[in-house]
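What follows is a short report on a single structure.
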Amino acid sequence: MILASSTGPSLAQEWTAFGIRKAGFTFDVPPGFALDHIAEDGQAATFLGPQEASLVVRGDHVSGGKFKQNVEALMADDEGHGWKVTYRRLTDSWASYSGVKDGMIRYVRAIVTCDDRVAVFVMDYRQSEKLGYDPVVLRMVKSLDPEGC
1 MILASSTGPS LAQEWTAFGI RKAGFTFDVP PGFALDHIAE DGQAATFLGP
51 QEASLVVRGD HVSGGKFKQN VEALMADDEG HGWKVTYRRL TDSWASYSGV
101 KDGMIRYVRA IVTCDDRVAV FVMDYRQSEK LGYDPVVLRM VKSLDPEGC
């Protein structure tokens, strides 16, 4: 079920725990986001939310300590598709960046989970919904945890 809201998901509503065991992580899916698709290999899932919002979560393998390079490649790909990156923070164990395009905001978070595994979520939502989504994104960032390592 997809719920429409003019202010984004509410923090007071129930969140749903979701994880990808092979990638070694769990995180909380916001209220109003419904599972739309799971990749055939079980390494990614897409959720659709209110007001054209979407959430993609996936597990990736990164070998040789190339976490930062992997995230930089994601940013470059987004920029190549017209996203203007407005914020970026990269460390050895986590990274975040956000950008804007055509009235939408994209927020990307990646963490090293176990060994050579990485968890990534990408959330797109309307710029007009930014104030409502700021606490939602913050909760998702805090809930993205390695598990099963």
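149 is the number that full-length UniProt numbering gives to position 149 of the sequence shown; each next residue is one higher, with no gaps. A virtual CB, placed ideally from N, CA and C, is assigned to each residue, including glycine.
Delimiting residues of the alpha helix (DSSP H) encompassing arginine 139
Along the sequence shown, read from residue 1 onward, the residue named residue 139 stands at position 139. Start and end: 130 to 143.
So what's glycine 99 in DSSP terms, helix, strand or just coil?
Numbered from its first residue, the sequence shown carries residue 99 at position 99. Here glycine 99 sits in strand by DSSP.
Which residue comes first and which comes last in the alpha helix (DSSP H) that contains valine 71?
Translated into positions along the sequence shown, residue 71 becomes position 71. Segment 67 to 80, the alpha helix (DSSP H) holding valine 71.
Pull up the distance between the alpha-carbon of tryptophan 94 and that of glycine 65, whole angstroms please.
Position 94 of the sequence shown holds residue 94. Position 65 of the sequence shown holds residue 65. In a straight line, the C-alpha of tryptophan 94 is about 12 angstroms away from that of glycine 65.
Please list, in chain order, all residues of the same chain as methionine 123 whose beta carbon is under 6 angstroms from its beta carbon, the five residues on each side excluded.
By one-based count along the sequence shown, residue 123 stands at place 123. These residues qualify, in order along the chain: Leu55, Tyr107.
Beta carbon of alanine 119 nearer than 7 angstroms to that of glycine 59
The residue you call residue 119 lines up with position 119 of the sequence shown. The residue you call residue 59 lines up with position 59 of the sequence shown. In this structure, glycine 59 lies closer than 7 angstroms to alanine 119 by Cβ.
With 16 other Cβ atoms within 10 Å as the buried cut-off, status of arginine 109:
In the sequence shown, counting from the first residue as 1, residue 109 sits at position 109. It counts as buried.
Buried or exposed by the 16-neighbour rule on C-beta atoms within 10 Å, applied to threonine 113:
Indexing the sequence shown from 1 puts residue 113 at position 113. By the neighbour-count rule (16 or more Cβ atoms within 10 Å), threonine 113 is buried.
Run the CB neighbour count on glutamate 40, radius 10 Å, all protein chains shown included, and call it buried at 16 or more, exposed below.
Taking the first residue of the sequence shown as 1, we reach residue 40 at position 40. Under this definition glutamate 40 is an exposed residue.
Give the secondary structure of alanine 110 by DSSP, where H, G and I count as helix, E and B as strand, and everything else as coil.
Looking up residue 110 in the sequence shown gives position 110. Taken through DSSP and simplified to helix, strand or coil, alanine 110 comes out as strand.
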